[in-house]
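Each position in the sequence shown, counted from 1, maps to that position plus 5 in the numbering used here.
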Amino acid sequence: MDDHEDNAADGLTLDEPYRPDPATEPGFDLLGGDATPPATRAKASGYQVLARKYRPTIFDDLLGQEAMVRTLSNAFESGRIAHAFMLTGVRGVGKTTTARILARALNYEKPGVTAPTIHMDGPGVHCDAIMESRHVDVMEMDAASRTGIDDIREIIDGVRYLPVSARYKVYIIDEVHMLSKQAFNGLLKTLEEPPAHVKFIFATTEIRKVPITVLSRCQRFDLRRLSVEELTQLLGGVAGKENVEIEEAALKLLARAADGSARDSLSLLDRAIAYGEDGVHEADIRDMLGLADRARIFDLFDCLMKGDIGAALAELRAQYEIGADPAVVLSDLAELTHWLTRLKLVDSAGDDVAMSETERTRGREMAAKLPIRVLSRTWQMLLKGISEVSAAARPIAAAEMVLVRIAYVAEGPGPEDLMEQLKNGGAVSTGPAPRQPQGGSGGERAQLRSVSGGGRADYAASVDVRGDASLRSQPAAPQKQTVAFARFEDVIELFAKQRDIKMKATLEAGVRLVSFEKGRIELTLLEGTPTTIVSELSEKLSRAAGERWFVSIARGAVEATPTLREAAKSREEALKEEARQDPLVKAALTAFPGADIIDVRVPGLAIPEGEALLPANPDELEDFDGNFDELDINE
């Protein structure tokens, strides 16, 4: 039998090309693709993870994206379909899945359906191939690995051709923000005026990195982060379909850990199912994720707020020994602090489904006892402590030190409490929190306001009290003045505006003024001040004023004024001495042994002469730190 007879025996002739039957040979379809049913392929390739197995295939399956679905539904029904879409959101909320569903809706085709629609009842002609990223007319590109202009040039060349079998040729570009500047520029013209048979769908987690010229050519959809309640519902449904018994508390733990990401939540559920033996329990999830028992977090927070540092450290160490991550414990404390703060301010915060009834009851009791200032202060210290623990070589030691700081100040009095006690003549009490040793260690600070008489204008003084006997002067901010040489200070102000720091510092700390009148200045020079300052000053003043100014050095015994720096120092000491005589300040200094006044500010009082001449703008001074004694004026 020849070849012709052999083919005829099989029911074929040479005039008919060989076409495999998908029903009997499922490995091929008529377009040469893999037509094996998805379930068969999944079984052949082994276990399919839950995040892929339960990936949405229609818009109704998308969780928490009702606004986007409504917009697209109206657009499809009215025929107002954009040529480019931009999908943005955090990882795992469904950007790539939404892009595939949108491509499927654009190309949905089956008997009786000849136009794009979001109502996809059953699989259409192209649906399986599109959802599995193997359709010839729906091309997906990962911009993270193909970032160059050459990759975009392939798209530009391909848009000219009609689709092979589908209604539209769809380009899905994932992580589009990774494209280079040249690639974006190459895409702009095509994106603005694409052929009628082409649609673009972009997805990104970094929308701010996408050029505005690209964004303005796209219809943008922001996929929102899923709530704990929505994720709990999703996980419960998937667990039911998988015939897995899971505790409600375990579902909430997984939902909180997923941080709004549906994919992360399903991945965590996959891991939890593998971790548990007879179902998924709350204790298993805590062990798996290194979380502390929620009730123990409440206990730890309670110890801190009571100032019981010994019990707090013991509780932290106990949680650490059973596997809790110190950074996670601090994060849980911060989350609890935030929730308690919301409980005090927002009534609906007590209805959080992520919390059990016991936790809500206990939280309301704690929130009622704690003032906002304590919660706010605790939040700030925890926030800083979390970063410290993450960077520490020994995280548990760093976490313990964070708790020590919180416990030491938790029950301490606030500034308003100190004010009230001092005004009433009572002793300052630091409450049940651990107290600092006598002698002052530098941590206490109080601001006092008092009215001082004594024949001068009354003023309110703000006094900084610290347990450090060293005195540090803080220069006052300069007053803005017009250049008018009516006094010596105006001359120095000119050089401050011109950023002539060397001349300004020399006149403030290196000379004493003998006389000043229009067109003439007489000075005496301190030891180390170069005589060339006279000619330089005369030349610069004459140039700035537009008239001749003479600068000379006084001869013989003359009465000279102090340098401006010396005058400012004397005024500072006088203010401090006056403040020490105030009854309220005396009470503060008595309450904090070893403390001293480091600065006195006088709100509403005009800045004394010369005060504005001290360095005030660090950007202008560069490395100059305000210490005139260390300034080399001979340079």
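Where is the CB? At the ideal position from N, CA and C, for every residue including glycine. As the structure is a computational prediction, the values presented were derived from the model and not from experiment.
Asked                                                                                                                                                                      : Found
Apart from the five residues just before and just after L273, which ones in its own chain have a Cβ nearer than 7 angstroms to its Cβ?                                     : L259, A262 and A263
Can you tell me whether Y280 is helix, strand or coil according to DSSP?                                                                                                   : helix
Rank A104, P331 and I538 by C-alpha distance to the C-alpha of A398 and give the top, closest one.                                                                         : P331
Would you please state the rounded distance, in angstroms, between the beta carbons of V409 and G390? I believe it to be under 8 angstroms.                                : At roughly 10 angstroms, the Cβ-Cβ gap does not stay under 8 angstroms, so V409 and G390 are not in contact.
Take the Cβ of P567 as the centre, count every other Cβ of all protein chains shown within 10 Å, and call the residue buried at 16 or more, exposed below.                 : exposed
For R382, which option in M310, A404 and I401 has the closest C-alpha, if you only look at C-alpha atoms?                                                                  : M310
So what does Q224 bridge to, in DSSP terms?                                                                                                                                : F90
Quick check: the Cα distance between E582 and P598, rounded to an integer number of angstroms?                                                                             : 18 angstroms
Pick out whichever of Q224, G163 and L321 has its Cα sitting closest to the Cα of T4.                                                                                      : In the structure as shown, the chain starts at 6 and stops at 640, and residue 4 therefore has no counterpart that could be examined.
Expressed to the nearest angstrom, what Euclidean distance is found between the alpha-carbon atoms of P199 and Q238?                                                       : 41 angstroms
Secondary structure at V516, three-state DSSP: helix, strand or coil?                                                                                                      : strand
Of the residues P535, V496 and Y52, which one's Cα is nearest the Cα of E522?                                                                                              : V496
What residues in its chain sit with their C-beta under 8 angstroms from that of S557, if we drop five residues either side in the sequence?                                : R525, I526, E527, L528 and V539
Could you compute how far the alpha carbon of G615 sits from the alpha carbon of V379?                                                                                     : Since pLDDT at G615 reaches only 41, below the 50 mark, its modelled position is unreliable, and the value read off the structure follows with that caveat. One C-alpha to the other measures close to 42 angstroms.
Tell whether a beta-carbon distance below 9 angstroms holds between I123 and I63.                                                                                          : yes
Quick check on DSSP: helix, strand or coil for V203?                                                                                                                       : strand
Can you grab the Cα-Cα spacing for the pair L146 / I178, in whole Å?                                                                                                       : The residue you asked about is not Leu; residue 146 is Met in the sequence shown. Their Cα atoms are separated by approximately 5 angstroms.
What are the uninterrupted segments assigned as alpha helix (DSSP H) that are 4 or more residues long and contained completely in the region 66-134, given in chain order? : 71-83 and 100-111
According to DSSP, which residues form a beta bridge with Y176?                                                                                                            : M144 and F205
Could you work out which residue in V169, R139, M183 and Q224 is closest to R151 when comparing CA atoms only?                                                             : M183
Near E642, what residues of its chain come up, given a Cβ to Cβ distance below 8 angstroms and the 5 sequence neighbours on each side ignored?                             : This structure does not reach residue 642, given that the chain is present from 6 up to 640, and the question cannot be answered.
Determine the direct distance from the alpha carbon of K100 to that of D269, and round the result to whole angstroms.                                                      : 14 angstroms
Quick check: the Cα distance between R105 and A188, rounded to an integer number of angstroms?                                                                             : 23 angstroms
E527 lies in the beta strand (DSSP E); which residues open and close that run?                                                                                             : R525 to L530
The ligand COA and V605: does the residue's C-beta get closer than 8 angstroms to at least one heavy atom of that ligand?                                                  : Of the ligands one can find in the structure shown there are none, so the ligand COA has no counterpart to examine.
Buried or exposed, going by whether 16 or more other CB atoms sit within 10 Å of the CB of F555?                                                                           : exposed
Does DSSP classify F521 as helix, strand or coil?                                                                                                                          : strand
Short check: CB of N112 to CB of Y173, under 9 angstroms?                                                                                                                  : yes
Return the CA-CA distance between T435 and A572, expressed in angstroms with no decimal places.                                                                            : Caution applies to T435, whose pLDDT of 46 falls short of 50 and renders its modelled position unreliable; the value that the coordinates give is listed next. Whole-angstrom Cα-Cα distance: 39 angstroms.
Mind checking which residues open and close the alpha helix (DSSP H) that includes D264?                                                                                   : Careful: D264 lies outside any alpha helix (DSSP H) and carries neither H nor E.
Do three or more CB pairs link the region 280-291 to the region 304-321 at distances below 8 angstroms?                                                                    : no
Excluding sequence positions up to five away, which residues of its chain have a Cβ less than 8 angstroms from the Cβ of S185?                                             : T152, G153 and I154
L580: which of V605, F303 and D505 sits nearest, CA to CA?                                                                                                                 : V605
Let me make sure I understand the geometry here. Which of I251, D307 and P128 has the alpha-carbon closest to that of A288?                                                : I251
So T103 and L92 are in contact, right, with Cβ under 8 angstroms, and what is the actual spacing, rounded?                                                                 : 6 angstroms
Candidates T210, L236, R229 and K204: which alpha carbon is nearest R222's?                                                                                                : K204
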